[in-house]
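Sequential numbering from 7 applies to the sequence shown in the working numbering.
In what follows, a structure is listed as structure tokens, so that the remarks can point back to it.
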Amino acid sequence: MKTVEKFDVVVVGAGNAAMCAAFAAQDGGASVLVLEAAPEAECGGNSAFTGGATRFAFSNVEELAEVLTLSDEEKRDVDFGQYTEEEFLEDMGRCTQYRCDPDLTEIFVRNSRQTLAWMKSKGIRFEAMYGRQAHKVNGKFKFFAGLVCAFWGAGAGLVKGLHETATRLKIPVRYETSAITLLRKKGCVCGVRAVTANGEEYDIEAKAVVLACGGFESNAEMRARYLGQNWDLVKVRGTRFNMGVGHRMALDAGAMPFGHWSGAHAVGWDMNAPQYGEREIGDLFQKHSYLFGIMVNANGERFVDEGADFRNFTYAKYGVEVLKQPGMFAWQIFDSKINHLLREEYHIRKITKVEAPTLEELAQKLEGVDAEKCLATIAEYNKAVRTDIPFNSVIKDGRGTTGLAVPKSNWANLIDTPPYHAYAVTCGITFTFGGIKISNDAAVQNVSGTNIQGLFAAGEIVGGLFYFNYPSGTGLVSGAVYGRIAGTSAAAHAKSMT
Ligand SMILES: Cc1cc2nc3c(=O)[nH]c(=O)nc-3n(C[C@H](O)[C@H](O)[C@H](O)COP(=O)(O)OP(=O)(O)OC[C@H]3O[C@@H](n4cnc5c(N)ncnc54)[C@H](O)[C@@H]3O)c2cc1C
């Protein structure tokens, strides 16, 4: 096999984690090459499809301002609250049933703000999420659930910013070039074999390789194999290029499988969305205002507590619940009282929506649903609502139901104000949780717990952070933290080889 080039560090992937690794490796004095399987127009992986939401710890508005540029009026007039490292750690623990790896989690949480500030220093911009994470209370915006900030311009803006920075820093990104094998000498990783879109294979020598090439969510065969029955049928919310090749390469090199291999982040996603994500739509096929209404399945029955917690702490596991329903779909039903609370994704043109002036007519329009049973479910739900408790969208208001087999714990309103509207969703997978084991320095470890020399990893491919569920806005920031660490470690390793 011909060896075309030599670099200190090769980074596999060109999403958020990869580009952070590339910047940090260059900061560490390394020559860097980035390989990207996708063509330039589709680069940036899942990172490009995100809403850009990013959670980090801050104790006060000054710490928030290390990341987010805030005007004096915003500092004075907006209630951003605070989100301490302890709250962040607790949210990670609670969501993952306390299975998240303590070291990996603590490193990521305690480095969250500094890492985003470092990205800012590289030219990446941020904005406050007024449209998604704040509601007006007595004329003043109040943020809730610890999530305040997004990358400017969402995922598209983030990826544009990362790639503009790479161009400015003269870090080459080679598109339509997939890594397929890790090159190894005496147990050490010393480069990758790559293949171009037209099938030409060649070797690239490197003193260190960073795997930041996503999960296996795009690969139907791996989804069925690891996640189980019917996961091959779900829609993919993001890129078509995260085929689990990084997982395979790492396992072939002896890496330790780690984390929740049968688990994935999955949401309620428009029933008629295309098989893979659409970049122009981004994340807007999601339907995340279910907490202000009810969801019914084909039998016309509710199947989850829609108001169990803020959307941030339930949406990533409710896709799985939709997948378990007959026909793998559900309808979200709302009345007009809550129209002003519906998120922006309910206002796009590509949407599976029905509307009717009466509940009877609405029920008839819910394709695939037992209309009679559905009406009975709504009547039973309406009777059970605790109308004595005031509704408040920015706190867990305790306005729940009584006596239902499937309770609703918060934000329960009567469904009584026409016109009524409903939205069909199926399961959309976001990313897979299973990955490989890394050390605290992002070195990939083998099954004996020893670092594989020359191999580092970051982003979705890392196992051990997410189990069962996920606090919203943690994928990008965890990828950034470990991308930066992996790039720094890879450069240091490369230096030690000279
Ligand atoms: C619709 C949607 C909305 C989301 N919203 C948010 C949000 O608001 N906030 C948040 O924090 N997270 C969000 N996420 C999750 C987030 O996208 C991921 O956690 C994060 O982007 C993962 O980054 P990454 O760099 O590990 O992977 P990716 O960004 O997916 O990058 C992986 C890259 O590797 C490339 N690649 C794959 N295989 C190879 C190979 N063999 N050789 C070379 N290149 C390869 C891919 O083409 C891709 O560019 C969302 C995800 C989706 C799909």
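Built from N, CA and C at the ideal position, the CB exists for glycine as well.
**Request:** Take every Cβ of the segment 190–204, pair it with every Cβ of the segment 60–76, and state whether three or more of those distances are shorter than 8 Å.
**Result:** They do not touch, by the three-pair rule.
**Message:** Given this structure, state the Cα-to-Cα distance separating ALA20 from LYS142, to the nearest angstrom.
**Reply:** Position 14 of the sequence shown, counted from the first residue, corresponds to residue 20. Position 136 of the sequence shown, counted from the first residue, corresponds to residue 142. So the alpha carbons of these two residues sit roughly 38 Å apart.
**Request:** Run the CB neighbour count on MET98, radius 10 Å, all protein chains shown included, and call it buried at 16 or more, exposed below.
**Result:** The count along the sequence shown starts at 1 and reaches residue 98 at position 92. By the 10 Å Cβ count, MET98 comes out buried.
**Prompt:** My guess is that LYS402 and ASP315 are in contact by the Cβ rule of under 8 Å, so how many angstroms apart are they, rounded?
**Reply:** For the purposes of this step, residue 402 is taken as the residue at position 396 of the sequence shown. For the purposes of this step, residue 315 is taken as the residue at position 309 of the sequence shown. About 7 Å separates the two Cβ atoms, so the contact holds.
**Prompt:** Are TYR181 and GLU46 closer than 8 Å when you measure CB to CB?
**Reply:** Sequence index remark: in the sequence shown, residue 181 carries index 175 (1-based). Sequence index remark: in the sequence shown, residue 46 carries index 40 (1-based). Yes; because the gap between Cβ atoms is below 8 Å, this pair is in contact.
**Request:** Let me know the beta strand (DSSP E) ranges lying completely inside the segment 266–324, each 3 residues or longer, listed in chain order.
**Result:** As far as the segment 266–324 is concerned, its whole beta strand (DSSP E) runs of at least 3 residues are 270–276, 300–302.
**Prompt:** Is the number of C-beta pairs between the segment 130–138 and the segment 487–503 that are closer than 8 Å three or more?
**Reply:** Flag = no, the segment 130–138 and the segment 487–503 do not touch.
**Prompt:** Nearest CA to the CA of GLU386: which residue from GLN370, GLU361, PRO413, GLU373?
**Reply:** Your numbering for residue 386 matches position 380 in the sequence shown. Comparing Cα-Cα distances from GLU386 to each of GLN370, GLU361, PRO413, GLU373, the minimum goes to PRO413.
**Nearest candidate by alpha-carbon position, reference ALA304, set HIS294, GLY250, GLY333** = As a first step, residue 304 must be located in the sequence shown, where it is residue number 298. Here the closest residue by C-alpha is GLY333.
**Request:** Within 10 angstroms of the Cβ of ASN416, are there 16 or more other Cβ atoms? Answer buried if so, exposed if not.
**Result:** Counting from one through the sequence shown, the residue named residue 416 turns up at place 410. Flag for ASN416 reads buried.
**Prompt:** Pick from LEU122, GLY469, ILE444: whose alpha carbon is nearest that of ASN457?
**Reply:** Taking the first residue of the sequence shown as position 1, residue 457 is located at position 451. Nearest C-alpha to ASN457: ILE444.
**Burial state of SER268, where buried means 16 or more other Cβ atoms lie within 10 Å** = By one-based count along the sequence shown, residue 268 stands at place 262. An exposed status is given to SER268, since fewer than 16 other beta-carbon atoms sit within 10 Å of its beta-carbon.
**Request:** Verify the contact flag: PHE150, CB atom, against every heavy atom of ligand 1, threshold strictly below 7 Å.
**Result:** Position 144 of the sequence shown, counted from the first residue, corresponds to residue 150. False, no ligand heavy atom lies under 7 Å from that Cβ.
**Request:** State buried or exposed for PRO280, treating a residue as buried only when at least 16 other CB atoms are found within 10 Å of its CB.
**Result:** Along the sequence shown, one-based indexing puts residue 280 at 274. Under this definition PRO280 is an exposed residue.
**Item:** For LEU188 and GLU11, the rounded distance between their alpha carbons
**Value:** Along the sequence shown, read from residue 1 onward, the residue named residue 11 stands at position 5. Along the sequence shown, read from residue 1 onward, the residue named residue 188 stands at position 182. Using only the alpha carbons, I get a separation of about 15 Å.
**Message:** As an exercise, report each continuous alpha helix (DSSP H) stretch of at least 4 residues that is fully enclosed by the segment 320–383, in chain order.
**Reply:** Within the segment 320–383, the complete alpha helix (DSSP H) runs of at least 4 residues are 321–329, 365–371.
**Prompt:** Counting pairs of Cβ atoms below 8 Å between the segment 416–435 and the segment 455–471, do you hit three or more?
**Reply:** No, the segment 416–435 does not touch the segment 455–471.
**Asked** Taking Cβ to Cβ, would you say VAL215 is nearer than 8 Å to GLY197?
**Response** The residue labelled residue 215 in the question sits at position 209 within the sequence shown. The residue labelled residue 197 in the question sits at position 191 within the sequence shown. Yes, these two residues count as a Cβ contact at 8 Å.
**Opposing strand residues paired with PRO433 [DSSP bridges]** = Locating residue 433 in the sequence shown gives position 427, where the first residue counts as 1. One point to set straight first is that residue 433 is Cys, not Pro, in the sequence displayed. DSSP output for CYS433 lists GLY274 as bridge partner(s).
**Asked** If we call anything under 8 Å between Cβ atoms a contact, is ALA492 one with ALA27?
**Response** The sequence position of residue 492 within the sequence shown is 486, counting from 1. The sequence position of residue 27 within the sequence shown is 21, counting from 1. In contact: ALA492 and ALA27 (Cβ atoms closer than 8 Å).
**Request:** With hydrogens ignored, establish whether the beta-carbon of GLU79 is closer than 7 Å to any heavy atom of ligand 1.
**Result:** By 1-based counting over the sequence shown, the position of residue 79 is 73. Checking the Cβ of GLU79 against ligand 1 gives no.
**Message:** Going by beta-carbon coordinates alone, are ARG392 and GLY409 separated by less than 8 Å?
**Reply:** Within the sequence shown, numbered from 1, the residue matching residue 392 stands at position 386. Within the sequence shown, numbered from 1, the residue matching residue 409 stands at position 403. No Cβ-Cβ contact shorter than 8 Å links ARG392 with GLY409.
**Message:** ligand 1 and GLU42: does any heavy atom of the ligand fall closer than 7 Å to the residue's C-beta?
**Reply:** Sequence index remark: in the sequence shown, residue 42 carries index 36 (1-based). Yes, the beta carbon of GLU42 sits closer than 7 Å to at least one heavy atom of ligand 1.
**Prompt:** Between THR111 and LEU348, which are expected to be in contact by the criterion C-beta below 8 Å, what is the C-beta distance as a whole number of angstroms?
**Reply:** Here residue 111 refers to the residue found at position 105 of the sequence shown. Here residue 348 refers to the residue found at position 342 of the sequence shown. Going by Cβ atoms, the distance from THR111 to LEU348 rounds to 33 Å, so no, they are not a contact pair.
**Item:** Assigned secondary structure, PHE94 (DSSP; H/G/I helix, E/B strand, else coil)
**Value:** Position 88 of the sequence shown, counted from the first residue, corresponds to residue 94. Per DSSP, reduced to three states, the secondary structure at PHE94 is helical.
**Prompt:** So the alpha helix (DSSP H) PHE222 belongs to, where does it begin and stop?
**Reply:** Taking the first residue of the sequence shown as position 1, residue 222 is located at position 216. Looking at the DSSP string, PHE222 is not in any alpha helix (DSSP H), and its letter there is neither H nor E.
**Request:** Could you name the residues of the same chain whose beta carbon sits closer than 8 Å to that of TYR136, not counting the 5 residues immediately before and after it, in chain order?
**Result:** Position 130 of the sequence shown, counted from the first residue, corresponds to residue 136. Once the five neighbours on either side are set aside, the close Cβ partners of TYR136 are PHE147.
**Asked** Less than 7 Å between the CB of GLY137 and some heavy atom of ligand 1, yes or no?
**Response** Mapped onto the sequence shown, residue 137 falls at position 131. No, the beta carbon of GLY137 sits no closer than 7 Å to any heavy atom of ligand 1.
**Asked** Where do the ends of the alpha helix (DSSP H) carrying THR505 lie?
**Response** The chain is shown from 7 up to 504; residue 505 falls before or after that span and cannot be answered.
**Message:** Under 8 Å: do the segment 167–185 and the segment 70–90 share three or more Cβ pairs, one atom per stretch?
**Reply:** Too few Cβ pairs lie closer than 8 Å, so no.
**Prompt:** Skipping 5 residues on each side, what residues in its chain have a beta carbon closer than 6 Å to that of ALA185?
**Reply:** In the sequence shown, the residue the question calls residue 185 occupies position 179. Only VAL18, LEU41, VAL198, ALA200 meet the Cβ criterion.
**Message:** Tell me the DSSP secondary structure of THR480 in three-state form.
**Reply:** Your numbering for residue 480 matches position 474 in the sequence shown. In the structure shown, THR480 falls within a coil segment according to DSSP collapsed to helix, strand and coil.
**Request:** Alpha carbon to alpha carbon, how far is GLY404 from THR173? Give it in angstroms, no decimals.
**Result:** Along the sequence shown, one-based indexing puts residue 173 at 167. Along the sequence shown, one-based indexing puts residue 404 at 398. Annotation: THR173 to GLY404 spans about 51 Å, alpha carbon to alpha carbon.
**Request:** Can you have a look at LYS81 and say buried or exposed, based on whether 16 or more other CB atoms are within 10 angstroms of its CB?
**Result:** Position 75 of the sequence shown holds residue 81. Label assigned to LYS81: exposed.
**Request:** Could you check which residue in ASN419, GLU170, ALA411, ARG229 has the C-alpha nearest to that of GLY440?
**Result:** Here residue 440 refers to the residue found at position 434 of the sequence shown. Of all alpha-carbon atoms in ASN419, GLU170, ALA411, ARG229, the one lying nearest the alpha-carbon of GLY440 is that of ARG229.
**Message:** Could you compute how far the alpha carbon of THR183 sits from the alpha carbon of ALA44?
**Reply:** For this step, residue 183 is matched to residue 177 along the sequence shown. For this step, residue 44 is matched to residue 38 along the sequence shown. Cα-Cα distance, rounded: 7 Å.
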